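Per mature numbering (1 follows the signal peptide of the UniProt record, and there is no 0): the sequence shown = residues -20 to -1, 1 to 511.
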Amino acid sequence: MHRQVVQALLFSSLASHGLAAGNSFDLKLHLPSEKPAWAEKLSPHLAGFSIEMDRWPDWAGQRVGKPNEYFNQLLRNLGERTGHMPFLRVGANSEDRSTVDLGIEILNSTFPEPTKEVPNPEADHNYIGRDFYALSGNLPAGTPFMWGINLKYLNKTETVAQARLLAETFQGERARLTKHVKLVNVEIGNEPDFYGTSRMFPKGTYGLEWDVFNYTTTWLEFARAISKEIDFGCGGSGKPTLLPGAFTTFVAPEWTPAGPLVAGLLDDAGLKCKITQFSEHSYSGVFDPRRVVRPGELMDKISVRANFTTRTSQRSAVRASGLKYLLAETNSYANHGQPGLSNTVESALWAADWMLLAASSGVERVHFHQGKGFRYNAIQPTKDSEDGLNIAHPHILPSYYAMLIVNEVIGKSGHSYVAEIPTSNITLTAYGIWEKQQLARVVVLNTQVYLGEGEKPSINVNLAGLDTDTPATLKLLRSEKTTAHTGLTWAGQSFETLSGSPEGDVKIEKVTGGRFNLPASSIALLTFGKK
């Protein structure tokens, strides 16, 4: 038995690296004969952004009516694929470090000095000016927003002042500036499980008395207060709703969604229907300057699933309570990313897998956190967004391609469902997309590592269960190697342009005999036609 286990582990190790550098091998992918009962409906807003609020003008534009056209074009690229603009969450750490100052036009922020470990530090304080929220109107028509406001100061007067300015901007006398975008959620506080003393923070700001029950009572008190300023509505009313949570998941099991639910989060009759979702945050690890980077560890199929099940184990409690579950902030490695993993082709494969795994597990939206110069960004919004790559203009990073692909996977029907398709190899991951009970698309990821030497390994994928007379086409994400930062193409097009618009002709290949070749560190999207 011991010998068999050793042999099995050896084969698994070899298989995960393509059996041998430069080799291709055959693998059969068994397609389901019908839509699985556990398939989950896909939201067109699955691929969202979470933006650190201290640099909001760099993303939205420095003045009302002066948008960042590069960022807007990249958003439109994504919106064209689903028929819906990407969902933006604006806030994060900065929302709990902000106060209103109506004597300021936009924003004044104070920043600590950069260090080698933190080259792009977040602001230690933000003064929100009268036009700050109005910059939302610079975004493309149809853009939905989740705005975060300060809870950590436990200053109700300040929180209400932020809510009042937000209401004036989206619902009041200045609503003309934002009439083509939409305030959908208001988040009160960011990562409240980090406010008090805990295993993570032995000297927390509010001590041991700040626990999930104290949080729930406080959150409800503040929610009632801001409800006098913002006209919230029940789910489906078209009005904004309240968003509790934003837990880090690093302090579980002491802080989980079940805590507020047990503590009476939904017991207030005046607020209950206005709370439609609960959010948590999730990262694959934490940046460490001493880390020895090992290509392949971020996108490793086993690690991705182990991390996902650990971080989001409470989503069933949320859904059973009639709420939708969100990852309102996520990315590869916390504290702005791990160079060599978070900003390479590998991050695109990880992000695509992460989004589709989340969706197939009932997560409605996944907001990828972004900050100016952060290493894990999908987008660097300005020419001075220094991220270590020495690119002197606004640019995308590989994970942007993952968002393009996933939005194309979702499509425009509004009735697509997703489920993971089992595979017999840990370097091959597949998801099926069903529309009207029919398998419409399949996305396949090959997480073999290729570092640029010798022949690139690949997998010859054989589709079992596909009728030979079913037409199929193929689009591919291609790159030079796993560790590349640039040079990617999706279906023959590059999005690494100065304008953000794609360059090149769309390349669609025909799949013959239910067989195609998938190179290392690439993604395939198969689309099936009618027989």
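For glycine and all other residues, C-beta sits at the position ideal for the given N, C-alpha and C. All values derive from a computational prediction rather than experimental measurement.
message: Could you check whether Leu506 and Ala452 sit closer than 7 Å to each other, using their CB atoms as the reference points?
response: Ala452 is a Cβ neighbour of Leu506, given a cutoff of 7 Å.
Run of the alpha helix (DSSP H) containing Leu145, from where it starts to where it stops: For Leu145, the uninterrupted alpha helix (DSSP H) segment begins and ends at 136 to 150.
message: Taking the beta carbon of Val422 as the centre, do at least 16 other beta carbons fall within 10 Å, making it buried, or is it exposed?
response: Per the 10 Å Cβ criterion, buried.
message: Leu7 and Ile439 - do their beta-carbons sit closer together than 7 Å?
response: Cβ distance < 7 Å, so Ile439 and Leu7 count as in contact.
task: Give the DSSP-derived three-state secondary structure of Asn194 in the structure shown.
output: Per DSSP, reduced to three states, the secondary structure at Asn194 is helical.
- request: Kindly identify the DSSP beta-bridge partner or partners of His349.
  value: Answer by DSSP bridge pairing, in chain order: Ser30.
- request: Grab the span of the alpha helix (DSSP H) containing residue 536 for me, first residue to last.
  value: Residue 536 cannot be examined here, being either before or after the span of the chain that is shown, -20 to 511.
query: Which term fits Val(-16), buried or exposed, when burial requires 16 or more other beta carbons within 10 angstroms of its beta carbon?
result: Summary for Val(-16): the model assigns pLDDT 39, below 50, so the residue's position carries little reliability, and this model does not support an answer.
- prompt: Count the other CB atoms within 10 Å of the CB of Thr185; is the residue buried (16 or more) or exposed (fewer)?
  reply: A residue is called buried when at least 16 other Cβ atoms come within 10 angstroms of its Cβ; Thr185 does not meet this threshold and is exposed.
- prompt: Where residue 523 and Arg144 are concerned, what is the direct C-alpha to C-alpha distance, given to the nearest angstrom?
  reply: A query on residue 523 cannot be resolved here, the shown segment of the chain reaching from -20 to 511 and no further.
- prompt: Taking the alpha-carbon positions, what's the Pro319 to Ile210 distance?
  reply: Each residue's CA atom was taken as its position, placing Pro319 and Ile210 some 41 Å apart.
query: So what's Val422 in DSSP terms, helix, strand or just coil?
result: Under the three-state reduction of DSSP, Val422 is assigned to strand.
Those residues which DSSP pairs with Lys304 across a bridge: Beta-bridge pairing links Lys304 to Gln257.
CB contact check: Phe202 to chain B, cutoff 7 Å: Of the chains in the structure shown, none is chain B; there is only one protein chain.
query: Apart from the five residues on each side of it in sequence, which residues of its chain come closer than 8 Å, Cβ to Cβ, to Asp38?
result: Cβ neighbours of Asp38 beyond the five flanking positions: Asn48, Lys352, Pro361, Thr362, Ser365.
message: Check whether the segment 271 to 287 and the segment 219 to 236 are in contact - that is, three or more C-beta pairs closer than 8 Å.
response: They do not touch, by the three-pair rule.
field: For Ser178 and Val231, the rounded distance between their alpha carbons
entry: One alpha carbon belongs to Val231, the other to Ser178, and they sit about 7 Å apart.
query: Under a three-way DSSP split, which group does Gly239 fall into?
result: Helix.
field: Supposed contact pair Phe267 and Ala314 - C-beta distance, whole angstroms, cut 8 Å
entry: In this structure, Ala314 and Phe267 form a Cβ contact; the two beta carbons are roughly 7 Å apart against a cut-off of 8 Å.
- request: Would you decide whether Arg77 is buried or exposed? Buried here means 16 or more other CB atoms lie within 10 Å of its CB.
  value: That one is buried.
message: What would DSSP say about Glu489, mapped onto helix, strand or coil?
response: For Glu489, the three-state secondary structure derived from DSSP is strand.
field: Coarse secondary structure for Lys159, derived from DSSP in three states
entry: In the structure shown, the three-state DSSP call for Lys159 is coil.
- prompt: Secondary structure at Asn170, three-state DSSP: helix, strand or coil?
  reply: Coil.
- prompt: Exposed or buried, Thr123, counting other C-beta atoms within 10 Å across all chains shown (16 or more means buried)?
  reply: Taking all protein chains in view, the Cβ of Thr123 is crowded by 16 or more other Cβ atoms within 10 Å, so the residue is classified as buried.
Where Pro124 falls: helix, strand or coil (DSSP): Strand at Pro124.
query: For Asp81, which residues of its own chain have a beta-carbon under 6 Å away from its beta-carbon, when the five flanking residues on both sides are left out?
result: Taken in chain order, the residues that qualify are Tyr107.
field: C-beta atoms of Ile129 and Gly109 nearer than 7 Å
entry: Contact check for Ile129 against Gly109 fails: the beta carbons are separated by 7 Å or more.
field: Touching by the beta-carbon criterion (3+ pairs, under 8 Å), the segment 428 to 446 and the segment 25 to 37
entry: The answer is no - the segment 25 to 37 does not touch the segment 428 to 446, with fewer than three Cβ pairs under 8 Å.
query: Okay, do the segment 272 to 292 and the segment 233 to 249 touch, 3+ Cβ pairs below 8 Å being the bar?
result: Two segments are said to touch when three or more pairs of C-beta atoms, one from each, lie closer than 8 Å; by this definition the segment 272 to 292 does not touch the segment 233 to 249.
- request: Hey, could you find the ends of the alpha helix (DSSP H) Trp330 is sitting in?
  value: Per DSSP, the continuous alpha helix (DSSP H) segment holding Trp330 begins and ends at 325 to 340.
- prompt: Are the segment 458 to 465 and the segment 491 to 503 touching by the rule of at least three beta carbon pairs closer than 8 Å?
  reply: At 8 Å Cβ cutoff, the stretches touch.
- prompt: How big is the Cα-Cα spacing for Arg154 and Ile86?
  reply: As the crow flies, the alpha-carbon of Arg154 is around 15 Å from that of Ile86.
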